[in-house]
Amino acid sequence: MEKIEINLNDLMKSMSGGGIRDNFKQKSYSSERQQRNNNMPRETNKNINNKAASNFYVGAPYNFVEFTEKQYEYPEDLLPTHDCMKNELTSGEIEYEITAETPIFVDDGTVDHHFRKNENGKYCIPGSSVRGLIRNNVQILGFSSFEDDIDDYALMYRNVAGKKETNKKEYNSAVGDSSLISVGKNPNNEKKEIKVNVLNKVKAGYICQENGQYRIYQTCVDRISKEFEERNYYVLSERVIIGEYQKYQKMKKMGKKSEFQYDFFTQKNQYLQNTKTCTFPTEGKKCIGEENKEYKPYYEPVSYLKIGQQTITAVGNPEKYRENGNEGFAISSGYMKNKKVVYIIPAVDKTKDPINILPSDVEAFRVDFEKRKNTLGQKKTFFSLPENGEMKPVFYTRVDGRLYFGFTPRLRVFYTHTVKDGLPENQRTGKLDFARAMFGYSNDQKSYKSRLSFSDAVVKKTVAESERSANVILSEPKPTSYMDYLEQSNRKGTVTYNSNEFRLRGVKQYWLHQSAGENVGLNNNKNITSEIHALPEKTVFVGKVRFKNLTKQELGLLLWAMRLERDSQMNIGKAKAYGYGRIALNIKSAKKINLQSAYECMEKLDLSPFEDIAVDDEIMAYKIYMAKNQNLKKIEDSPRIRDFLAMKDSKKIPNKDAIRYMCLGDEYAKRTQPLPKVGDVIKKN
727 MEKIEINLND LMKSMSGGGI RDNFKQKSYS SERQQRNNNM PRETNKNINN KAASNFYVGA
787 PYNFVEFTEK QYEYPEDLLP THDCMKNELT SGEIEYEITA ETPIFVDDGT VDHHFRKNEN
847 GKYCIPGSSV RGLIRNNVQI LGFSSFEDDI DDYALMYRNV AGKKETNKKE YNSAVGDSSL
907 ISVGKNPNNE KKEIKVNVLN KVKAGYICQE NGQYRIYQTC VDRISKEFEE RNYYVLSERV
967 IIGEYQKYQK MKKMGKKSEF QYDFFTQKNQ YLQNTKTCTF PTEGKKCIGE ENKEYKPYYE
1027 PVSYLKIGQQ TITAVGNPEK YRENGNEGFA ISSGYMKNKK VVYIIPAVDK TKDPINILPS
1087 DVEAFRVDFE KRKNTLGQKK TFFSLPENGE MKPVFYTRVD GRLYFGFTPR LRVFYTHTVK
1147 DGLPENQRTG KLDFARAMFG YSNDQKSYKS RLSFSDAVVK KTVAESERSA NVILSEPKPT
1207 SYMDYLEQSN RKGTVTYNSN EFRLRGVKQY WLHQSAGENV GLNNNKNITS EIHALPEKTV
1267 FVGKVRFKNL TKQELGLLLW AMRLERDSQM NIGKAKAYGY GRIALNIKSA KKINLQSAYE
1327 CMEKLDLSPF EDIAVDDEIM AYKIYMAKNQ NLKKIEDSPR IRDFLAMKDS KKIPNKDAIR
1387 YMCLGDEYAK RTQPLPKVGD VIKKN
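For my numbering, count along the sequence shown from 1 and bump the result up by 726.
If you want it as structure tokens, here you go:
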């Protein structure tokens, strides 16, 4: 099978967590640092860097349609029952065709990522997928609430050492301030020490699951010393390890007796130690050396020697230093260029009372892990909870009575507010609207069944999956990317989920792309990509929607949500960010049941009591009705409706370079601006 390698650059920093189901998904520094004095000879490096950052591309394959300012309230007393037929209500069937304008991929859920098939072995787009697409359109065009689509939970985050972000202050207040500690001499300059940041309120232990209960066992060392607060583990720099190896090699060449004390790490370092080019010149400069392509995060039993309170002098297999030293585990959590350290955790002590983890804390960890596991690739096993009977090294701390735990000392902690806290008040009334009335709903008080039924859209003609496969990243940026998902304001500063009055930006919609497989900014890292098998463009699917007891306004809204405007297209399935799944939906026929012919005629039986529906007339009637309700001359005057239809306009597809993911390097890391608005993207292109 021929394989297409899509050239994708790294974004994955923003892919963790999760939130609105496929819908919504940092002081916003001013990029203009102008000189107040024109006679200044030069700008500072800080100002230069800020100007450079403002010139970086900021964008994404998606954008946001604002939530409605005025939610339409559906009169509850007019909500039709399911057990009657009335002349003023309409029941019938809509037949539609979906034409793939670019290759299309609807996942079958297997590890091989083939296109979905129905029980008859035919390729199909599930009715549930079509339903979700049309319901989303109904919510926007029907000025409905998105309250039911938002999971109300707190996102988690962490602040990497040395990283300057708005969350740093909040993070440090949660897990404790970091301190700079010495972990050994610089291999190239004995007068200089290698120093790393550690969190002294974070402890190490061992997590296990015993009969369904997760608990953390303590180590044989309660804490290194009072000076280091709660910390009970040791930190070893890879620079020291490689420096000692180079000394060892040098002594061997001189014929002097020498022993390498860190042979446990021979093939486990981020950089290979058996290369002459691997040096660490001075603090702050990049490591020059051969990267270990086989490196993976690990935790393994070791024995070790130490001097003083925290200096590790030797690490070997569990037997090597057992007699005169200590036992424990070495843990290395993942690739981090030029900053790599290894943690040595003392052995478990089961005589001490274990810490039982509350089920709610376990569930919070699981939710966070599930929403970011696709970005972890081969590291999933390392960062997952242990199986029953398994024991793993773990780091943990307590904050305001809550236990946080994870597999690096830089623990992920909860934001102050939940996602749903950012939903506008008018979206949280719980009142009936078009989407709930048509598609059904269920809450603690009552429920109402949908009056719409979507069949699978089955392929019209025999077609085969493309002989060429493509590697793409099927996960997507999550709401933790607050510069995208939250409204930003220069006046307010950077808005995060720790901000008291943060607001979700709106409903997430993917841009249409001219073609599939466009370079949208991610990379071909095999650890996080999936090989997909799409159906070719111009593949046609046929499906039906059956409806019962719709009001005139509901029927017009449904038809509009399916057809949209003359040049409108939509996207469906996976890999939308890369241009897959751009579709044109065409209503082939729309018929309603003539109740008199079907049920009231006593003379003869009418086997086809259907009448054609005037689709254009019904849509126009709805537009006029809703424009009046929203105090608009015409419904398209609403900025949010205008943005939505613009994103679906096949004649206004932006240039591919304006709707790609940002690269993980300078573009994402140094961004100072939020995602541009829909109108700005279209206007610029």
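Just so you know, even glycine gets a beta-carbon here, dropped at the ideal spot from N, CA and C.
What are the start and end residues of the alpha helix (DSSP H) that includes residue i?
i, result
"Y1351", "V1341 to N1355"
"V864", "G853 to L867"
"N898", "K894 to V901"
"G1405", "V1404 to K1410"
"K1106", "K1106 to F1109"
"Y1236", "Per DSSP, Y1236 belongs to no alpha helix (DSSP H); it is in the beta strand (DSSP E), V1233 to Y1236."
"Y1211", "Y1208 to Y1211"
When we look at the beta-carbon of residue i and count the other beta-carbons within 10 Å, is it buried (16 or more) or exposed?
i, result
"T1206", "buried"
"H1412", "The first residue shown for the chain is 727 and the last is 1411, placing residue 1412 beyond what the model contains."
"K917", "exposed"
"V1145", "buried"
"S904", "buried"
"I1033", "exposed"
"D1094", "buried"
"N771", "A caution first: N771 carries a pLDDT of 39, below 50, which makes its placement in the model unreliable, though a value can still be read off. Looking at its Cβ environment, which holds fewer than 16 other Cβ atoms inside 10 Å, N771 is exposed."
"A1395", "exposed"
"K1204", "buried"
"D1369", "buried"
"G1269", "buried"
"E728", "Because E728 sits at a pLDDT of 40, beneath the cut-off of 50, its placement in the model cannot be relied upon, and the point is left open."
"E827", "buried"
"S1294", "buried"
"N1411", "exposed"
Is DSSP giving residue i helix, strand or coil here?
i, result
"D1094", "helix"
"Y1394", "helix"
"G725", "Lying before the first or after the last residue shown, residue 725 is absent from the chain, which here runs from 727 to 1411."
"F1228", "coil"
"M977", "helix"
"N1026", "Checking the sequence shown, residue 1026 turns out to be Glu, not Asn. Correct three-state label for E1026: strand."
"P1085", "helix"
"D834", "coil"
"I1038", "strand"
"P1365", "helix"
"K1382", "helix"
"F782", "coil"
"L1031", "strand"
"Y1306", "coil"
"A1260", "coil"
"G1148", "helix"
"F1267", "strand"
"M1388", "coil"
"Y883", "strand"
"I876", "strand"
"K1046", "coil"
"F986", "coil"
"A1287", "helix"
"K1359", "coil"
Strictly by DSSP, which residues pair up with residue i?
i, result
"C934", "R941 and M1117"
"M1373", "In DSSP, M1373 forms no bridge with anything."
"L906", "N923"
"K1318", "G818 and E1337"
"V961", "Y1069"
"V928", "Paired residue(s): none; V928 is not in a bridge."
"R1272", "E819 and S1179"
"V1074", "T945"
"G1054", "V1028 and P1072"
"I824", "F1267 and L1311"
"V1221", "Looking at the DSSP assignment, V1221 forms no beta bridge with any residue, so it has no partner."
"T1123", "Y1130"
"Y997", "E1017"
"M1296", "I1309"
"V725", "The displayed coordinates of the chain run from 727 to 1411. Any statement about residue 725 would go beyond what the structure contains."
Which two residues bound the contiguous beta strand (DSSP E) that contains residue i?
i, result
"F790", "Y788 to V791"
"Y1130", "R1128 to G1132"
"Y849", "Neither: Y849 is in no beta strand (DSSP E) and is coded neither H nor E."
Within the region 1153–1189, note down every full beta strand (DSSP E) run reaching 3 residues or more, in order along the chain. 1178–1180 and 1183–1185
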